[in-house]
Each structure stands twice: as C-alpha cells, then as structure tokens.
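Everything on this sheet refers to the single structure shown next.
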Amino acid sequence: MEIPYTTQPREDTGLYNAKLGIWLFLASEVMLFGALFSSYILLRVGAAEGAWPHGLMNIPIGTFNTVVLITSSVTVVLSWAALKLGNFKRYQKIQAVTVICALGFLGIKTTEYNEKFHHYEIWFNEPMTVAEHPNLMNQSFVEETTINKELIGTVPSLIGHLNYIDKDGEKHHAGIAWTLATLKEKEIEEIEFELDTFHYRIPARIQAQIKKSGKYDKGEHETIRVQVSDLRRMSAFVPAHSTFFAIYFTMTALHALHVLAGAIVIAYILWRNNKLWKRDPERYTNRVEVSGLFWHFVDLVWIFLFPILYLL
Amino acid sequence: MQATTTEKTEHTEHHDHHHHDIGFLRSYVFSTDHKIIGIQYGVTALAFLLFGFFLVLLMRFQIGYPGETIPVVGGLLEKLLGDVAAEGKMQPDLYNAFGAMHGTIMVFLGVVPLAFAAFGNYVVPLQIGAIDMAFPRINMVSYQCYAAGGVIMFVSFFIPGGAAQAGWTSYSPLATVIPTNGQTFWILGMVMLITSSLLGSVNFIATIIQLRAPGMTWMRMPFFVWTQFITGFILLLAFPPLEAASVMQLMDRLFDTSFYLPSGLVLSGQPVTQISGGGSPLLWQHLFWFLGHPEVYVLILPAMGVVAEVLACNARRPLWGYRSLVYSVLAVGFISFIVWAHHMYVTGMGTKISTFFQTTTMIISIPSVIILTCLFISLWGGSIRFNTPMCFALAFLPMFGIGGLTGLPLGFNFADLLLHDSYYVIAHFHYVVAPGTIFGLLAGVYFWYPKMTGRLMNEALGQVHFWASLIFMNLIFMPMFAQGMAGMSRRMSDGGAVYAAQAEGMVNEGVIGALSASVIEWNKSITFAACGLMIAQIPFIINFFWSMNNGRKATDNPWNATTLDWQTPTPPPHGNFDKPIAAYRGPYEYSQEGHPTDFTPQNQPDPVKS
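Heads up: the sequence lines are chains Z and A, in that order. If you read the first sequence in our numbering, its first letter stands for residue 951, the second for the next number, and so on. If you read the second sequence in our numbering, its first letter stands for residue 1280, the second for the next number, and so on.
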C-alpha cells in the first residue's frame, strides 16, 4: 500500500502532503524568527538613551546583498515555471543562477562578518575632550550646525583597527575578538589605533560636507597611541560588543544557516536528484516547488532583517 | 461474534504475509512504521518517567531528612557523581541539579513524548484510517532527535560541575552565570527536543488533514484525534520561541553577549564586567512562558483525549456533548497562547499587564471546565465496566479537577503574590500532571496494550497498581497545599530546615516566615508516601513485561470499541488495514437502539434500506 496524496492533491484540501507540510514548517519558522524580531524590539526599546548604536553597518554592501537574494527569489520561481512547462534544460540553467546567488549572498556575508571582526571600539576611563585633542574632532558625532562652532564635546570611545606595540617597540596587527583581558594576558601596555570612527559615527551626507569644507580633512585615518591602562573597555565588533551586535549576529547567522540549508536542498534536487524527473516528473516538480516555498521564506526574512539592522 | 472469529483467522494469515525480511535494525531501530515509532517513543518515555521519579525520590529524602546519608544508593551516587554527593549526602548543588532535571525530564522527555508522540503515533493513523503517517521518514528522524536530546540531557549529569541547576525554567541571569556546562548541555538538549517536536507536529497535522479515510469527516473524528490535532498546533507554534530564547541564552553563555544580563549586574557582591549590558531578564521569562504555558495544554490535552476514549468505551455510552468538546478544545488551543504571563505576576511587569493575563486565565478555565463536565456527564446512565483503564480514567476526572480548581487562586494576581513559589504551586501543577495526565496516560497504556502486543495486561496487578497509586499520589500532594499556604517556599535544598531553626530561635519575636514544626513534619510523611508510590509502580512494571508473553490473548477488538483503531488485526500489520477502510458514522455509537450489539463500529455501513 502506498501513502496517498504524495503527488496528487487531495480533493478537499487542494494540497499534496509535502506542500501542506512545508507550509506548517514555515508557520513554525515564522514563530522562531518572530520571537527574535520581538526580542529585537524589546531590547531596543528597553535600551538606555543613546546606548543603541547607529550606523555601524555597511549599507551599500547590505543593499547589494538584498538585490542578490531577491534575484534568486525570481529565478527560483522562473525555474519552477520552466519545469511546469516541461522544459528541463531551461529549469537547470535558471536554477543554477539561484544556487550561485545563494552562494554569492553567503560569500558577501562572510566578508562582511570578517570586516566587523577586524574593527575595534575602545572606551576610555576619562572621556577625551575635543578641546584637548582637536584632531579627534571628526571622530565624534558632529552636528551639521556645529561645524563652524567652537570645538566642544567629548569623545567617550573610538572605533578603528587595532595594532599593538610589543616590549621591543615593534608594531603588530591584533587578532580577532580581543578584549582588555587578552591585552593584559599578553602583557601589552600600549596599543596603536588606526582611527575609522569618522566613517562610523558621522552620517554620509555630513561626511561629504566636512570633506568639501576642507577644514577637517585630517583625522579620517589618523593613528593614535593609547596606554592600555587608560582603557575602560575594548571590544571588536563581535556579539559581545553590544546588544545591537548580539542580536545582529544571532539573527543574521541563523538566517545564513537557513540560506545554506536552502541552497543545499535546491542544489541537491538540481544535480543529484534529477533521475526522479525521468521517473516521476510531477513529483520532481513538486519538490522544486516545495524547496522554492522555503526559499521565498528565507528571502522574506532577509527583507525584514535588512531594514531593522542596517537602516533603522 | 461468528463473523469476528473468521475475520480473525484471515488476519492471522494476512500477518504472515507481511513479515518481509528487512532485518532487525530496519524493523525495530530505524523503522519508519508509525506503530514501531510509537512504541519506541512509549518505552523510552516510560523509562525517562521512571528515571525522573527516581531523581525526585532522592530529593524527597533530602527534604525529609536534610543532610543525612541517603540510604541504599548514597554510596553509588558518590561513586558516580563525586563531591556533590560526598559521603552519600546530597549537597545543595546536586539538589538543584536534580530539581532542574526532574522537571525537564518529566515534562520534555517523559510526559510529552508519551502523551503526544507515543500514543499519537500509534493511535492517530489507526483512528483516522490511514496506512501510516504522512511523512514516515521524518517521523523516524523525529524519534532520533528525541533520543539524541535525551542522551545529551542524561550525559550532562556526569560532566564536571554536573547538570543544569537553574530549575526547569532556566531563568537568566541565574542560568547564565552558574559555572557549570550543564546549562549548555540543557540548551543543546532542548534544541534537539524542539526539533523533534517540530518534525512530529508537522507530521501529525499533515496526517490528520490529508490522510483521513473516506467518510472520516472532521466531526466524525474520535475526540482523541482532535486533542492530538490541537496539541500538534500548540507544539508547532509555541516551541520555536523557546528555541530562539535558547539560542540567545547559548550566545550569552558562549559568546559573552548580554541578552538577558542587565547593565550593572552584581554577582556575589562583585560587578559583572566584560558584558555589554542592556539585556533584559524579563525577556527570557516572556519567551520561556510563551512556550511554557501552552506546554501545560500539550501535557493535558492528549490525556483528556485518552480519557474520553476509555470513558466512552467502558461506559458503553456515546460521549456527551461531542461538539462542545471539540469546540472547547479548539478554544483552549487558541487561548493557551495568551495566558503565559500569569506565571510572572511577581516580576513587577505592571498591574495593567497582570490584569490582562488574569482575565485571559479566567477565560481559559471555561472551556477546560466544559471538557471536564462533558466527560462527567458522559458517565450518566452508562453501564460502567470497572476495568483497570477505566479506573485510571475515572480517577483522572477528580484529580484533574483538584489540580484545575486550585489553579484559580494562582491565576488571580493578588492571590498569587502570596502563593507564588510556594509548595502550593507544586501541589497544584502536580495534581494536574501526575494524578491527572499520568493517570490518563496509564489508562491509555492499559487500554491500547492489547492492540500493541496482542495480549491483555493482568487485571489483578492492574488494580493493585491503580489503588496504591491513587492513595499515595494524594498522600504526597495533598499535604503540600497546606505547606504552601503556611508559607513554605519551594526550591529549598534543606526542605525548610532553615525555617525550623528560625522558629526555634525567634518564634517569640513573631518573625514572619517561621513555620510551625507540624508543617515541616509533613516532609517526612510525604517522603514515605513517595517511596510508597515508587513501590506501587512495581506491579505495573512486572505486568508490563510479563503480559507481553503470558497475558490473556486479545481478540482484534477486546473492549468492543467503535473507533477504527479496533477494526484492524491485532497487532496491526504494516499498512494497518487489510482491506480498504471507510467511516460511515460518528465515533461513539454505543448502545444505539435498533442495533444487534451495544456498539456499532465506525466502518460499519448502515443496512441498505430495501
């Protein structure tokens, strides 16, 4: 005896088993990501004033990745449509694009992660005042209207690349995800910081204005030396950096796992499972449809992730 | 009757047909047959129930006789677990670990797998006339994930530092800062169990929607199938938030994030540095109870379904108010998602929110009461057979009633402020789950055992098991209400000895919190009753194994029941039905007028009118 409705839809529901199954699975996934989105809202709303970081994401790369993923969403439908019309060759070509897009997305995400891991933020025991360190002017958030005013304000923290000075005075690049404890363990007393705060703290529009004015062109990539004893805290852009990065990495990593799983399934059906096409084309088409439904869900999650993590 | 006998011989022949040579591993370990998977779940879950019970027995000894050497197994514990059981005495850390794991094992590895996965797997496809589950291989993977989760949980006892110690609710920050990897094991184990339940629930819902036999309309489904259907939805939608929460707790433990750790957290007088702060302990509680409360209905609904089946069959009466039962169980399923924060009245989340959840909590008691009332009324005018499954099912009704009604004061936030975290709470939910759900499930074991094995369980041993269990259950949990109302707090590794000391020294000063010695004295009697309950399970264990080969042989339909699960050969072959099956009538047509027998099976067509 065979289990019924594996390929043909049941009359009263209009669904074959796997299609119902994937929709149920997606309902569960909605709850999974829904819980994370809710947590994001709760944590952000509950954050102390000014504690939620802004502008730490690379928006052009994020936008490009969004386009990549949406493209794959289009191709996954087109490939299924080709299959429905019985055009296996066309399906293969288009679906290959889907897989390439998926891998492209993951590749870009990896470089994005890597870039984050190599950026550090340092917090001082005593905030530096801009009056004392005019060259740090551009490292702090400058309101448009204050450009020509007196240099006031303080710089509580700096963002940049981390080098350290060893006992012989030699300079080395630091590793990934060091903290103050790491520095103390390695008995490092002085670090050199290649400043990048400008790009992170100041909105692009104002960055351009400042550059145009020519007044503060220094300080974009200056380096400063800091005694480790002056630091209160140090963290790379890793989950432990802040609640923002914690939720950013949790959600995007979970999403990336979904992308990877979807890509594996789609690629498997595409290249390893195609004997089924000859034996039972309808069943094969159903598999493509079901994997496509999952793929759309994965895209949809990203469509929500992109604005809340990059733009808002 | 004549007809049944001939059918029987036909079935036996048919059986032999189906014994293909697929090897031991394929047929019993990596089986995709829903019946084998159901039995796998059932046996594993019963073993975990026994293990969880054993843990609490040791805890009970510590509560009754704090700091004394545990008799019989003390030495063994020291050998296995080391310092936490030095000299065979239970250290507070071990008490906490046992407490956390007792809850986790009983709920996630014992009752849910038995109620939902075991009975659901075995009975649901049979009752709806399906040949198997919709996704047999996913079904197999579901069991394997469950087994892996069980192994992870079990192994965590033996790692350095021991198992998780932050209670089965694993509240952060406590769960995050306790320096044992047990909590990490707990989280990983939960992720496996959640995966298992996700795969299971997708399978159940798809099966019930897609694979019903011709004529098996929604309102002809046995009530048990309805309860499994709703339970499936609850598991499908309530568990993922806990998975999300677990992932975040894992991040807190492994990657130094602070999802649940607030800024300025101070631990043992030392500020916790190297965390970013800004986290919210309440977030964990919300996410946990978003699962935790629907989970209560995951525990109780399948038991109600089993009880309904057993009651209708053994009272020889149709279920009273079948439609009300169905709509009530639907209502319970929906409302169970909006009552969770009644576990959090004392967290200071605000009176407005408390009022909302207090209101929904009162509303959900309405459909629950309707279900119980329908089951009670179903007995009216029946010709009741007091066999073992029926005894357990009948005992379920008042026991669950006590559990449910004592929950009302906990649902009101003003009363809860007093009773929260006391032994009253323990008594309340144990009445729901232990003499409630577990009695319902035991009724199911006795009821479907003949279908699964082809032999009936011994009736005398069954009666001993039932009466002893009933008495000892009440001796254990009834005094806890009194203890709780007297103010005795739960989760104390010394069983209230600190209260006793307080009472001796400061009773004249009228210190609040001092308990009278008589309240603490109950600890000892409860401990004895718990031992009694353990002994009462011995007849069941003997019965369970002995009857497999020596029980009275069962016919295909030993209880003369109407539902489709009894209209198959015993035990059902691969593919379940030896002929195409269809439903022609409702599930509980007992004692209908104008029928030759007092039961009319669902697959019996109406006589053709000439």
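By construction, the Cβ of each residue, glycine as well, lies at the ideal position given by its N, Cα and C atoms. This structure is a prediction, so every number in the text was calculated from the model and none was measured.
Rounded straight-line distance, which links the Cα of residue j to that of residue i
i	j	result
Phe1756/A	Ile1820/A	23 Å
Phe1309/A	Ile1417/A	11 Å
Pro1886/A	Met1495/A	19 Å
Lys1313/A	Val1047/Z	Rather than Lys, the amino acid found at residue 1313/A in this sequence is His. Each residue's alpha carbon lies about 39 Å from the other.
Lys1039/Z	Glu1062/Z	35 Å
Asn1839/A	Tyr1576/A	30 Å
Ile1649/A	Met1338/A	37 Å
Leu1689/A	Leu1754/A	22 Å
Leu1019/Z	Ile1050/Z	10 Å
Leu1356/A	Gln1370/A	11 Å
Cys1592/A	Tyr1869/A	8 Å
Gly1428/A	Arg1175/Z	51 Å
Ile1097/Z	Val1027/Z	Since pLDDT at Ile1097/Z reaches only 44, below the 50 mark, its modelled position is unreliable, and the value read off the structure follows with that caveat. Using only the alpha carbons, I get a separation of about 51 Å.
Leu1359/A	Phe1437/A	7 Å
Gly1873/A	Thr1879/A	11 Å
Val1608/A	Pro1350/A	46 Å
Leu1373/A	Trp1845/A	47 Å
Met1813/A	Ala1326/A	13 Å
Met1498/A	Ile1617/A	27 Å
Tyr1929/A	Val1586/A	Nothing in the structure corresponds to residue 1929/A, since chain A is present only between 1280 and 1889.
Pro1850/A	Met1731/A	5 Å
Ile1407/A	Gly1584/A	14 Å
Which of helix, strand or coil DSSP assigns to residue i
i	result
Gln1370/A	coil
Thr1200/Z	helix
Gly1110/Z	strand
Arg1602/A	helix
Phe1878/A	strand
Phe921/Z	The structure shown has nothing for residue 921/Z, since chain Z only spans 951 to 1262.
Trp1073/Z	strand
His1853/A	coil
Ser1615/A	helix
His1622/A	helix
Lys899/Z	What the structure shows of chain Z is the stretch from 951 to 1262, and residue 899/Z is not part of that stretch, so it cannot be assessed.
Ile1115/Z	strand
Gln1444/A	coil
Environment of residue i [buried if 16+ CB atoms lie within 10 Å]
i	result
His1123/Z	exposed
Pro1257/Z	exposed
Trp1727/A	buried
Glu1100/Z	Annotation note: pLDDT 46 at Glu1100/Z (below 50); position unreliable, no value reported.
Tyr1307/A	exposed
Gln1637/A	buried
Tyr1422/A	buried
Thr1634/A	exposed
Glu1120/Z	exposed
Asn1829/A	exposed
Met1623/A	buried
Fill in: At least 3 beta-carbon pairs within less than 8 Å: the segment 1848-1858 of chain A vs the segment 1412-1428 of chain A
Under the three-pair Cβ rule at 8 Å, the segment 1848-1858 of chain A does not count as touching the segment 1412-1428 of chain A.
Worksheet entry | Cβ contact check for the segment 1699-1716 of chain A and the segment 1759-1771 of chain A: 3 or more pairs under 8 Å | Touching, yes.
Worksheet entry | Three or more C-beta pairs below 8 Å linking the segment 1727-1739 of chain A and the segment 1338-1348 of chain A | Judged by Cβ distances under 8 Å, the segment 1727-1739 of chain A makes no contact with the segment 1338-1348 of chain A, as fewer than three pairs qualify.
Worksheet item: For the segment 983-1010 of chain Z, which residues have a beta carbon sitting closer than 9 Å to at least one beta carbon of chain A?
Response: Per Cβ criterion, the list reads Phe983, Gly984, Ala985, Leu986, Ser988, Ser989, Leu992, Leu993, Gly996, Ala997, Ala998, Ala1001, Trp1002.
Discussion item. Measuring CB atoms only, is the segment 1475-1487 of chain A touching the segment 1545-1558 of chain A, in the sense that at least three cross pairs come out at less than 8 Å?
Written reply: Because the criterion of three Cβ pairs below 8 Å is not met, the segment 1475-1487 of chain A and the segment 1545-1558 of chain A do not touch.
Worksheet item: Are there three or more Cβ pairs, one per stretch, closer than 8 Å when the segment 1582-1597 of chain A is compared with the segment 1483-1490 of chain A?
Response: No, the segment 1582-1597 of chain A is not in contact with the segment 1483-1490 of chain A.
Discussion item. Under 8 Å, with one C-beta from each stretch per pair, do the segment 1120-1137 of chain Z and the segment 1184-1195 of chain Z reach the 3-pair mark?
Written reply: With a cut-off of 8 Å on Cβ pairs, the segment 1120-1137 of chain Z is in contact with the segment 1184-1195 of chain Z, counting three or more such pairs.
Discussion item. Short of 8 Å Cβ to Cβ, which residues in the segment 1592-1613 of chain A face chain Z?
Written reply: Of all residues in the segment 1592-1613 of chain A, none is placed with a Cβ closer than 8 Å to any Cβ belonging to chain Z.
Discussion item. Assess contact between the segment 1560-1576 of chain A and the segment 1431-1443 of chain A, defined as three or more Cβ pairs (one per stretch) separated by less than 8 Å. Is contact present?
Written reply: These segments do not touch.
Worksheet item: Can we say the segment 1505-1522 of chain A touches the segment 1564-1573 of chain A, given the rule of at least three CB pairs closer than 8 Å?
Response: Yes, they touch.
Practice prompt. For the segment 1479-1491 of chain A, enumerate the residues whose C-beta is nearer than 7 Å to any C-beta of chain Z, in chain order.
Written response: Here the close residues are Val1481, Ile1484, Ala1485, Ile1488, Gln1489, Leu1490.
Worksheet item: Quick one, which residues of the segment 1033-1060 of chain Z are near chain A if we go by CB-CB under 7 Å, in chain order?
Response: For chain A, none of the residues of the segment 1033-1060 of chain Z brings a beta carbon within less than 7 Å of one of its beta carbons.
Practice prompt. Using a Cβ-Cβ cut-off of less than 9 Å, give me the residues of the segment 1010-1022 of chain Z that come near chain A, in sequence order.
Written response: Residues of the segment 1010-1022 of chain Z with a Cβ closer than 9 Å to any Cβ of chain A: none.
Fill in: Residues of the segment 1563-1579 of chain A whose Cβ lies closer than 9 Å to any Cβ of chain Z, in chain order
Those would be His1565, Leu1566, Phe1569, in chain order.
Worksheet item: Does the segment 1791-1807 of chain A come within contact of the segment 1824-1835 of chain A, defined as at least 3 CB pairs closer than 8 Å?
Response: The segment 1791-1807 of chain A makes no contact with the segment 1824-1835 of chain A; the number of CB pairs closer than 8 Å stays below 3.
Practice prompt. Scan the segment 1190-1202 of chain Z for residues whose Cβ lies nearer than 7 Å to a Cβ of chain A and list them as they occur along the chain.
Written response: Flagged, chain order: Ala1190, His1191, Ser1192, Thr1193, Ala1196, Thr1200.
Worksheet item: Taking any Cβ of chain A, which residues in the segment 951-964 of chain Z have a Cβ under 7 Å from it, in chain order?
Response: Listed by position, the residues of the segment 951-964 of chain Z near chain A (Cβ gap below 7 Å) are Met951, Ile953, Pro954, Tyr955, Arg960, Thr963.
Practice prompt. Using a Cβ-Cβ cut-off of less than 9 Å, list which residues of the segment 1534-1563 of chain A approach chain Z; keep chain order.
Written response: The residues in question are Phe1534, Asp1535, Thr1536, Ser1537, Phe1538, Ser1542, Thr1552, Gln1553, Ile1554, Ser1555, Gly1556, Gly1557, Gly1558, Ser1559, Leu1561, Leu1562.
Fill in: Segment contact flag, the segment 1378-1392 of chain A with the segment 1457-1477 of chain A, C-beta cutoff 8 Å, min 3 pairs
Touching, yes.
Item to complete: Mind checking the segment 1221-1247 of chain Z against chain A and listing, in chain order, the residues whose C-beta falls within less than 9 Å of any C-beta there?
Response: Listed by position along the chain: nothing, the set is empty.
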